[in-house]
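Going left to right, the sequence shown walks through residues 212 to 588 as our numbering numbers them. Idealized CB from N, CA, C, for every residue including glycine. What follows is a short report on a single structure.
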Amino acid sequence: MALRVLVLGAGFGGLELCTTLSDALGDEVEVTLVDKADAFVFGYSKLDVMFGRTTLDAVRLPYRDVVKPGVRFVQETIVAIDPEARRVETDATVHEADVLVVALGADYDFDATLGLAEADEFYSVEGAMRLSETLPEFAGGRVVIGVCGAPFKCPPAPSECALLLHDQLTARGLRDDCELTFAIPFDTPVPPSPDTSAALVEAFAAREIRFVPGNPVASLDPARKVAVLAGDGGELPYDLFLGVPKHRAPDVVITSGMTVDGYIPVDSATLATRYPGVYAVGDVATVGVPKAGVFAEGAARVVAEQLIARVRGADDADGYAGRGSCYIEFGAGRVGRVDVDFLGGPRPTGTFQAPSDALVAEKVEFGASRRARWFGR
Ligand SMILES: Cc1cc2nc3c(=O)[nH]c(=O)nc-3n(C[C@H](O)[C@H](O)[C@H](O)COP(=O)(O)OP(=O)(O)OC[C@H]3O[C@@H](n4cnc5c(N)ncnc54)[C@H](O)[C@@H]3O)c2cc1C
């Protein structure tokens with residue numbers, strides 16, 4: 212009988228896992244991929260949608276296009292996970308598997324920050340869509356881009372938001388009527404890479420974007436229109452607040468009992484959880500790497516290689532290396548890159564590549580290659 216693999220979540224991790232398994236094993240494996248959504252959207256596309264650089268329709272990748280030997284996609288909402296029995300209940304049925312891979316990502320905890328529910332955010336598709344409609348109406352004033360807690364997805368993304376917003380306000384002739392402030396929990400924009408951080412801080416300074424490091428936003432007072440900082444209790448007045456909410460594992464993962472300190476602990480080399488035959492990859496897991504698609508993808512490949520080795524009766528593959536490259540929008544159509552290594556040494560390191568036309572093309576290719584590989588487009 213074919214190995215039954217149940218993959219929970221069709222994001223970066225789930226899609227890469229299914230694709231690698233299908234490419235190597237085809238019908239020798241029976242993969243069920245479960246997601247409540249009907250389409251995938253790249254994280255960075257939210258910034259493109261928010262700033263009107265594209266439309267949601269243009270960046271939605273429907274799961275009906277995931278057509279691969281050995282893989283079956285089902286659109287269902289997962290309501291309970293029993294990791295010991297490798298048994299998963301959805302709103303439609305019950306799934307059982309030989310191997311369970313949890314790739315359910317991180318959810319946003321809007322209620323964890325007082326007042327945030329009444330402000331804008333750009334980390335969800337809905338938030339980005341709303342902003343695509345309201346930003347063109349913004350008449351100028353004080354804008355605060357505020358991160359409410361760490362860890363958060365794609366650490367460079369709020370910096371990108373600040374730089375792209377500067378561009379949009381400049382193009383609208385409003386930049387001189389605006390003050391931009393950017394508050395973040397970290398001491399630098401991209402902590403593992405001092406060069407990347409220096410380039411971003413320089414870009415903020417050149418655009419008169421006030422950078423407030425080491426200071427997450429603790430709460431908002433929408434009546435007074437101020438953001439209160441957690442670090443020093445200072446207040447940032449705003450006319451427009453663009454927030455990054457606190458993150459946490461999806462409720463269904465927390466109630467499964469798999470989490471410790473909010474996320475699923477895994478062996479950092481194999482991504483195995485403490486439950487036999489159960490793995491966790493991507494933002495839902497604690498591996499010691501940032502919450503970013505490239506890391507979810509890399510972790511998924513490592514799990515896939517172990518399963519391929521199991522089916523083939525071969526030796527286990529190499530362990531997870533914790534390396535990844537992130538493209539960073541610097542504004543004015545420029546894209547840089549940081550290559551980070553989180554597990555290779557005593558502490559994380561990162562190498563910066565300054566913005567160039569080649570990196571603009573590379574980022575386009577990054578998306579196009581995933582669209583082709585996962586969705587056959
Ligand atoms: C603004 C922004 C910009 C970003 N830019 C980048 C970038 O440039 N590069 C990069 O690498 N990363 C980037 N990211 C981060 C990236 O999007 C995430 O880290 C990545 O998607 C994580 O992959 P994952 O597989 O762990 O989870 P996800 O991709 O989040 O997938 C999880 C899936 O689980 C599903 N799910 C959750 N709960 C349930 C349930 N109960 N039932 C059924 N399905 C469920 C969800 O619908 C989702 O499809 C960005 C993120 C944001 C917000």
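- Taking non-hydrogen atoms of ligand 1 into account, the C-beta of Leu-315 is found less than 6 Å away from one of them.
- Contact annotation, Phe-397 with Val-423: C-beta distance approximately 11 Å; criterion of less than 8 Å not satisfied.
- Positions of the alpha helix (DSSP H) runs, each at least 4 residues long and wholly inside the stretch 298 to 352, are given as 336 to 345 in order along the chain.
- Closest in alpha carbon position to Lys-436, among Ile-356, Tyr-449, Ala-483, is Tyr-449.
- At a cut-off of 6 Å, the beta-carbon of Ile-289 counts as near ligand 1: some heavy atom of the ligand is closer than that.
- For Val-401, the shortest separation between its Cβ and any heavy atom of ligand 1 does not lie below 6 Å.
- With at least 16 other beta carbons inside 10 angstroms of its own, Arg-459 counts as buried.
- In this structure, Ala-515 and Gly-493 do not form a Cβ contact; the two beta carbons are roughly 13 Å apart against a cut-off of 8 Å.
- Closest in C-alpha terms to Pro-400, from the list Ala-368, Leu-391, Thr-381, comes Ala-368.
- In this structure, the C-beta of Ala-368 approaches ligand 1 to less than 6 Å from one of its heavy atoms.
- Judged by DSSP secondary structure, Asp-268 falls within the alpha helix (DSSP H) whose first and last residues are 267 to 270.
- With a contact defined as Cβ atoms closer than 8 Å, Thr-562 and Val-575 miss out at about 21 Å.
- Its chain contains Pro-456, Lys-457, His-458, Arg-459 as the residues whose beta carbon lies nearer than 8 Å to that of Asp-320, once the 5 sequence neighbours on both sides are disregarded; these appear in chain order.
- The bridge partners DSSP lists for Glu-446 are Val-439.
- Between Ala-480 and the set Met-340, Ala-491, Val-471, the nearest pair of CA atoms involves Ala-491.
- Nearest neighbour of Leu-214 by Cα position, chosen from Asp-406, Ala-308, Ser-335, turns out to be Ala-308.
- Check the Cα spacing between Val-358 and each of Glu-371, Ile-292, Val-285, Asp-387: the tightest is with Glu-371.
- It is roughly 9 Å from the alpha-carbon of Gly-504 to the alpha-carbon of Cys-537.
- At least one heavy atom of ligand 1 sits closer than 6 Å to the Cβ of Tyr-255.
- Inter-residue distance for Leu-315 and Ser-256 is about 19 Å (C-alpha atoms, whole angstroms).
- Not one heavy atom of ligand 1 lies closer than 6 Å to the C-beta of Cys-359.
- For Thr-466, the number of other beta carbons within 10 angstroms of its own is below 16, and it is reported as exposed.
- DSSP lists Gly-352 as the beta-bridge partner residues of Cys-389.
- Here the C-alpha atom of Gly-535 lies approximately 11 Å from the C-alpha atom of Pro-559.
- Rounded to the nearest whole angstrom, the C-alpha separation of Val-500 and Asp-478 is 12 Å.
- Taking a cut-off of 8 Å for Cβ pairs, the stretch 279 to 286 and the stretch 399 to 418 do not touch, as fewer than three such pairs fall below it.
- The beta carbons of Leu-385 and Phe-541 sit no closer together than 7 Å.
- When DSSP states are grouped into helix, strand and coil, Ser-536 belongs to the strand group.
- By the neighbour-count definition (other C-beta atoms within 10 Å, threshold 16), Ser-580 is an exposed residue.
- By the CB criterion at 7 Å, Gly-488 and Val-310 fall inside the cutoff.
- As the crow flies, the alpha-carbon of Leu-451 is around 21 Å from that of Gly-442.
- Distances between the C-beta of Cys-389 and the heavy atoms of ligand 1 are all 6 Å or more.
- Note that the C-beta distance between Glu-390 and Arg-353 is below 7 Å.
- A distance below 7 Å separates the beta carbons of Glu-295 and Tyr-486.
- Cβ contact annotation for Gly-533 (same chain, cutoff 6 Å, sequence separation greater than five): Val-500, Phe-553, Leu-554, in chain order.
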